[in-house]
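Undergrad:
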Amino acid sequence: MWTVFLILIVLTYFIFTRLFQIVEFREEVIQERLGKYKKTLKPGFHFLIPFVDRPAYSQEMREQVIDVPSQTCITKDNIEVAVDGLVYLKVMDSYKASYGISNYHAAAVNLAQTTMRSEIGKITLDDTFSEREKMNENIVREIDKAADPWGIKVLRYEIKNIRPSKDIVDTMEKQMEAEREKRAEITHSEGHRQARINESEGEQKSQVLVSEAERQRRINEAKGRAQEIELVANATAKGIRRVAEAINRPGGDLAVKTKLVEQYINQFGKIIRKSNVSVLPTETANLKTFFEGVSKVSDHTKPAANTKGGK
């Protein structure tokens, strides 16, 4: 009794699962009738004929992310690098995805790996880090071209890691260290050169200021000497004018001659006192004549003075 009841329950469940099909919103189901494609079941509730119809394939219609395992690639400059990535794809036609290829996941991964090896082989190690975006675009284009008959749309590809070998990493670190030292030396030399340029410019400006000050000092001195000469010349001219005016007056000529004789006697006396020569010049013999002339001059000046006093 219980065995029959259990068999009925199993048979009922089997019939109901074969009779009804519920398709979720995120998927599509391929219905086959007697082994042939019947139709594509969209999200919702569907009725099937037991033992005649069956849900053959169920396809995920959301965007899918497939991990591309790490693989060893050789760059253009013969350096081994390990590269892995992610491929983003979406089923656009569930019929082609079901009957066009047996496993589009594996096909997309293998195609991404082969395309990646090809792209890495076209560039050098240094370019692998800077040309990621370009490589991603090329890989997406190649995979999408091959996946079109499968009803698959490749949306994008992203390289996760590019890992050179340990020896290459050590070499790159040494190269980077040498480059940093080179830049430090260049910076130091540039600073030293700029300091020397600043010092030379400062010294040049200092010399220019000193020369300008010296030139200004000489100009001022020249102006001072010119003003001094001008004052002396003006004073001399003024004195000469006064002497000329005095000479033009009555008795002026005689006064000038008397002054000259007096200066001559004074200078001659100074020469006599300072000289050790015993022989006197010829003019000394005529000294009496000078004194006589002086006495005459004195005689003439007295009457003139008396005359002015009388007036």
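Residue 106 is where the sequence shown starts when you use the numbering used here, and the numbers rise one by one after that. By construction, the Cβ of each residue, glycine as well, lies at the ideal position given by its N, Cα and C atoms.
Below 8 Å on the Cβ atoms is my guess for Gly226 versus Lys181; work out the distance and round it to an integer in Å.
TA: Indeed, because the Cβ distance is near 6 Å, the residues count as touching under 8 Å.
Undergrad: Would Asp172 be called buried (16 or more neighbouring beta carbons within 10 Å of its own) or exposed?
TA: So Asp172 ends up on the exposed side.
Undergrad: Relative to the C-alpha of Asp158, which candidate in Ile120, Val315, Tyr200 and Ala318 has its C-alpha closest?
TA: Ranking Ile120, Val315, Tyr200 and Ala318 by Cα distance to Asp158 puts Ile120 first.
Undergrad: Per the DSSP calculation, Thr177 is bridged to which residue(s)?
TA: For Thr177, which the question treats as bridged, DSSP gives the partners Ala187.
Undergrad: How many Å lie between Ala331 and Arg320 at the Cα?
TA: Taking the straight line from one Cα to the other gives about 16 Å.
Undergrad: Would you call the CB atoms of Met491 and Gly256 closer than 8 Å?
TA: Because the chain in this structure spans residues 106 to 416, residue 491 falls outside the shown range and cannot be described.
Undergrad: Taking the Cβ atom as the reference point for each residue, do Ile273 and Ser199 lie within a distance shorter than 8 Å?
TA: The answer is no: Cβ separation not under 8 Å.
Undergrad: So, do the segment 207–220 and the segment 271–286 have three or more beta carbon pairs nearer to each other than 8 Å?
TA: Touching, no, given that fewer than three Cβ pairs across the two stretches are closer than 8 Å.
Undergrad: Would you list the residues sitting across from Glu304 in a DSSP beta bridge?
TA: BP columns for Glu304 are empty, so no partner.
Undergrad: Quick check: does the Cβ of Pro269 come within less than 7 Å of any heavy atom belonging to the ligand FAD?
TA: Annotation note on the ligand FAD: not contained in the displayed structure, which lists no ligands.
Undergrad: Check Val337 in the structure and name its three-state DSSP category.
TA: Of the three classes helix, strand and coil, the one that applies to Val337 here is helix, per DSSP.
Undergrad: To the nearest angstrom, how far is it from the Cα of Ala390 to the Cα of Asn325?
TA: Its pLDDT being 47, under 50, Ala390 is placed unreliably by the model, and nothing is read from it.
Undergrad: Rounded to the nearest angstrom, what separates Met277 and Glu247 at their Cα positions?
TA: Between Met277 and Glu247, the C-alpha separation is close to 32 Å.
Undergrad: How is Lys201 classed by DSSP in three states: helix, strand or coil?
TA: It is helical.
Undergrad: Under three-state DSSP, which class holds Gly149?
TA: In this structure, Gly149 counts as strand in the three-state DSSP scheme.
Undergrad: Just how far apart, CA to CA, sit Leu191 and Val115?
TA: Whole-angstrom Cα-Cα distance: 44 Å.
Undergrad: What are the start and end residues of each continuous beta strand (DSSP E) run of 3 or more residues lying completely inside the segment 247–283, in chain order?
TA: Correct list: 257–269.
Undergrad: Would Glu168 pass as a contact of Tyr193 if the rule is Cβ separation under 8 Å?
TA: Contact flag set, yes.
Undergrad: Just checking: is the beta-carbon of Glu286 within a distance shorter than 8 Å of some beta-carbon in chain C?
TA: Absent here is chain C; the protein component of the structure consists of one chain.
Undergrad: So Arg159 is in the alpha helix (DSSP H); what residue range does that whole segment cover?
TA: Here Arg159 belongs to no alpha helix (DSSP H); instead the beta strand (DSSP E) covers Asp158 to Glu165.
Undergrad: Could you compute how far the alpha carbon of Arg301 sits from the alpha carbon of Tyr262?
TA: Whole-angstrom Cα-Cα distance: 55 Å.
Undergrad: Under a three-way DSSP split, which group does Asp182 fall into?
TA: In the structure shown, Asp182 sits in coil (DSSP, three-state: anything other than H, G, I, E or B).
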